[in-house]
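Take the sequence shown: its letters are residues 1 to 545, numbered as in UniProt numbering.
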Amino acid sequence: MGLFVHLYIDPEGISPSEWEATYRESLTLLRAFPAPLIRIAREEIGSSKRFAYVSDLVHDPDTRDECWWVVGDSVSGRRAEDFQLFRHKERQFGASSARYDSTRDVLWASTDSLGYINGNGVDLFGGKTQGHPYHLAILAVAILFETRFPEQCYLFGDIESVQAGHMCRWVHETLDTPLITPICLDGERLYRRIEALYEDSRHAIGRFQTLFAGSDTEEFESLLRYAERRAVLDVFMKELGRYSSLNQYGAIGLVSKFLSATRDLGELIGIVLNIAEQGKKTEDWNLEVLLGMLCRHYLTFPCEERKPLGVLDHPQDEMPTIDDALSQAFMIMAGRPTEIDVHREVSEVLETFCTIQPDKRAVFREIISSAEQAAREKLETIETLIREKEQNQHEDELKDPRREESAARLSRPIGDSGKKVLSRAEIYILKQVERQTEGFAEEEKSTRHMGGQLRRLMAEPSALFEARDREHYLRGIYDASAKNGFALQEAAWKVIDGEEDVEILKVLFALSLVDNREMNFWRWRIHIMESPSLWRHLVEERGLG
1 MGLFVHLYID
11 PEGISPSEWE
21 ATYRESLTLL
31 RAFPAPLIRI
41 AREEIGSSKR
51 FAYVSDLVHD
61 PDTRDECWWV
71 VGDSVSGRRA
81 EDFQLFRHKE
91 RQFGASSARY
101 DSTRDVLWAS
111 TDSLGYINGN
121 GVDLFGGKTQ
131 GHPYHLAILA
141 VAILFETRFP
151 EQCYLFGDIE
161 SVQAGHMCRW
171 VHETLDTPLI
181 TPICLDGERL
191 YRRIEALYED
201 SRHAIGRFQT
211 LFAGSDTEEF
221 ESLLRYAERR
231 AVLDVFMKEL
241 GRYSSLNQYG
251 AIGLVSKFLS
261 ATRDLGELIG
271 IVLNIAEQGK
281 KTEDWNLEVL
291 LGMLCRHYLT
301 FPCEERKPLG
311 VLDHPQDEMP
321 TIDDALSQAF
331 MIMAGRPTEI
341 DVHREVSEVL
351 ETFCTIQPDK
361 RAVFREIISS
371 AEQAAREKLE
381 TIETLIREKE
391 QNQHEDELKD
401 PRREESAARL
411 SRPIGDSGKK
421 VLSRAEIYIL
431 KQVERQTEGF
441 AEEEKSTRHM
451 GGQLRRLMAE
461 PSALFEARDR
471 EHYLRGIYDA
481 SAKNGFALQE
491 AAWKVIDGEE
501 DVEILKVLFA
511 LSLVDNREMN
521 FWRWRIHIME
531 SPSLWRHLVE
541 ERGLG
């Protein structure tokens with residue numbers, strides 16, 4: 001599982017010179033990113049090797065294999081899978097063109113593959129960013145390419161309109177160039193283009209649903225606006241009819257987007273009854289079940305009363321990470337309350353249902369009452385949890401007044417970005433960086449404790465720690481880091497290379513030797529080795545306690 005950025009491209013209509021010019025523009029963007037980006041590099045030091053995160057993004061410059069390479073940023077320290085782009089078109093694509101039909105639109109997919117995001121082209125990127133800050137830099141490059149080659153490529157992935165809007169503004173500011181909205185977020189342009197690719201409107205609708213990256217409601221609104229309404233409703237009925245019960249999570253989502261887009265409760269009732277009649281559904285497909293589901297999911301609650309539900313949503317101004325995505329998934333599996341994103345008065349809902357089955361007025365009234373009570377109890381539970389969380393946060397701050405400051409503090413400088421007036425887009429980027437920069441509580445105390453443990457390890461009989469030669473320990477650190485599979489930022493390696501205190505080098509060597517893949521230890525090892533100000537605490541005798 002992961003969060004991705006994809007860029008599908010048909011290179012046939014792009015000349016080598018156009019490709020290289022856009023490569024250079026993309027490199028300008030990456031170098032201008034407010035949080036310096038990094039790639040991983042293998043360095044040879046005598047007979048030893050080590051791996052470093054370096055800020056020079058270009059690999060093999062001025063050769064046929066020149067490319068930029070990005071794996072994360074140096075401020076937050078967050079990294080995921082690498083993204084690479086070659087300067088020369090022929091090096092980038094090679095024989096890959098054989099894998100697609102260059103006579104068709106890059107958005108096209110065969111009718112048996114409409115649900116696949118990959119189109120009729122090559123995926124330039126396709127790696128996991130996990131929503132870390134460099135996700136925005138890669139998104140910016142994808143926006144640039146789609147602007148330069150709108151007929152030949154499209155971006156897709158775990159993106160949303162807020163982050164795309166900020167990155168469009170940032171690319172415009174950085175390159176002083178007009179930009180287009182990515183087609184996956186432009187409902188009209190996307191549908192018009194897809195519509196021309198298929199004779200059957202149902203196929204066009206299916207392909208649109210796959211490639212549109214806006215919200216479910218925006219997707220349905222776009223289809224109702226630009227596609228044939230009867231075809232859209234037929235597809236909707238087929239989707240809803242796949243569920244055995246209206247109380248299933250997916251069915252609730254479909255009902256919610258329908259009402260959000262149409263505001264027509266009567267039409268929804270007609271669709272549900274039609275599905276029940278055609279599909280020979282069980283008792284879970286009737287007006288009583290539909291009414292209960294709608295009221296349990298807050299249809300009759302004014303927006304003000306629903307406010308506690310918003311606490312469970314991910315904030316719109318924060319880019320979601322893989323941890324956020326997993327948290328949302330776990331909440332859903334645990335029974336997180338969902339809401340129908342429309343409000344209707346109880347009297348209006350009752351009369352609409354009674355228009356269809358007037359003899360059930362008393363039954364409908366009782367269903368509304370009991371369903372609202374169940375929904376209200378869930379709201380009260382959420383409000384209690386919110387109060388408990390706020391109380392716990394307050395108590396934590398009283399115990400350690402520096403806790404909040406420590407958690408928010410950037411452990412690495414943001415370079416020159418603090419010396420100028422920042423644009424809205426830059427502020428957005430740096431907020432994501434700051435939010436994801438990891439805080440290490442009581443780092444001096446924890447470092448002393450780890451130093452004590454390491455010195456106990458070093459006290460055991462071993463020729464590894466008997467030398468007084470700093471070169472011995474430097475080579476040991478290089479070799480151990482390579483063997484245990486971790487890299488350090490180039491600035492940290494530079495300080496280690498120049499360290500004259502043999503005792504510090506010795507304990508850093510011991511720290512490098514530990515073969516432990518447990519995540520918490522891994523985080524702390526990297527943090528300590530990249531924080532020279534903590535090294536003296538590794539050799540303090542208090543660490544023995």
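Note that the Cβ used here is the ideal one computed from N, Cα and C, for glycine as well.
Run through DSSP, which three-state label would S48 get? strand
The region 111-130 / the region 159-179 touching (three or more Cβ pairs under 8 Å): No: the two stretches stay apart, fewer than three of their Cβ pairs being nearer than 8 Å.
The alpha helix (DSSP H) with Y428 in it runs from where to where? From DSSP, the alpha helix (DSSP H) with Y428 extends over R424 to Q436.
Give the straight-line distance between the Cα atoms of I9 and E20, rounded to the nearest whole angstrom. The alpha-carbon of I9 is positioned some 15 Å away from that of E20.
Beta-carbon proximity list for I354, same chain, < 6 Å, skipping 5 on both sides: The sequence given here has Cys at residue 354, not Ile. Answer for C354: R361, listed in chain order.
Best match in D56, M237 and H343 for proximity to G270 [C-alpha to C-alpha]: Taking G270 as reference, the option from D56, M237 and H343 with the minimal CA-CA separation is M237.
Inter-residue CB distance, L155 and A142 (contact presumed, cutoff 8 Å): Going by Cβ atoms, the distance from L155 to A142 rounds to 4 Å, so yes, they are a contact pair.
Reduced DSSP secondary structure (H/G/I, E/B, other) of A80: strand
What does the Cβ neighbour count give for K281, buried or exposed, with the cut at 16 atoms within 10 Å? Result: buried.
Other residues of its chain near L197: CB distance less than 6 Å, five sequence neighbours each side excluded: D105 and W108
Check Q328 in the structure and name its three-state DSSP category. The answer is helix: DSSP assigns Q328 an H, G or I state.
Please name the residue, chosen from L268, M293, G13 and F509, that lies closest to H472 on a Cα-to-Cα basis. The residue with the shortest Cα to Cα distance from H472 is F509.
Using only alpha-carbon positions, find the residue among R39, A80 and S48 that is nearest to D60. Nearest in C-alpha terms to D60, of all of R39, A80 and S48, is R39.
Rounded to whole angstroms, what's the CA-CA distance from I429 to P133? Just pull it up for me. 7 Å
Please classify F125: does DSSP put it in a helix, a strand, or coil? coil
Apply the 10 Å Cβ neighbour rule to L265 and answer buried if 16 or more other Cβ atoms are within range, or exposed otherwise. buried
Give the secondary structure of H59 by DSSP, where H, G and I count as helix, E and B as strand, and everything else as coil. The three-state reading of DSSP puts H59 in strand, counting E and B together.
Among D234, W285 and L259, whose alpha-carbon lies nearest the alpha-carbon of E218? L259
If you draw a straight line from the alpha carbon of H449 to that of L488, how long is it in whole angstroms? 22 Å
Based on the DSSP secondary-structure assignment, which residues constitute the bridge partners of Y8? D123 and Y154
Identify whether I38 lies in helix, strand or coil by the three-state DSSP scheme. strand
Under the DSSP definition of a beta bridge, which residues are partnered with D73? L37
Please name the residue in Q130, F220, I138 and I183 whose C-alpha comes closest to that of Q152. I183
Any idea if C67 is buried or exposed, counting beta-carbon neighbours within 10 angstroms, 16 or more meaning buried? C67 is buried by the Cβ-count criterion.
In whole angstroms, give me the CA-to-CA distance for G279 and G439. 55 Å
I need the DSSP call for L3, collapsed to helix, strand or coil. DSSP places L3 in the coil class of the three-state scheme, outside both helix and strand.
Express the C-alpha separation of V235 and S76 in angstroms, rounding to a whole number. 44 Å
Determine the direct distance from the alpha carbon of V58 to that of E18, and round the result to whole angstroms. 19 Å
Nearest neighbour of D479, chosen from H135, E43, E188 and M1 [CA to CA]: E43
State the Cα-Cα distance for the pair S55 and L37, rounded to the nearest angstrom. S55 and L37 have their C-alpha atoms roughly 6 Å apart.
Neighbour-count burial assignment, Q373, 16 or more Cβ in a 10 Å radius: Q373 is exposed by the Cβ-count criterion.
Identify whether E388 lies in helix, strand or coil by the three-state DSSP scheme. helix
Alpha carbon to alpha carbon, how far is S512 from S244? Give it in angstroms, no decimals. 56 Å
Just list the residues that DSSP pairs Q163 with in beta bridges. According to the DSSP secondary-structure assignment, Q163 is paired through a beta bridge with no residue.
Whole angstroms are fine: how far does the CA of D317 sit from the CA of V539? 43 Å
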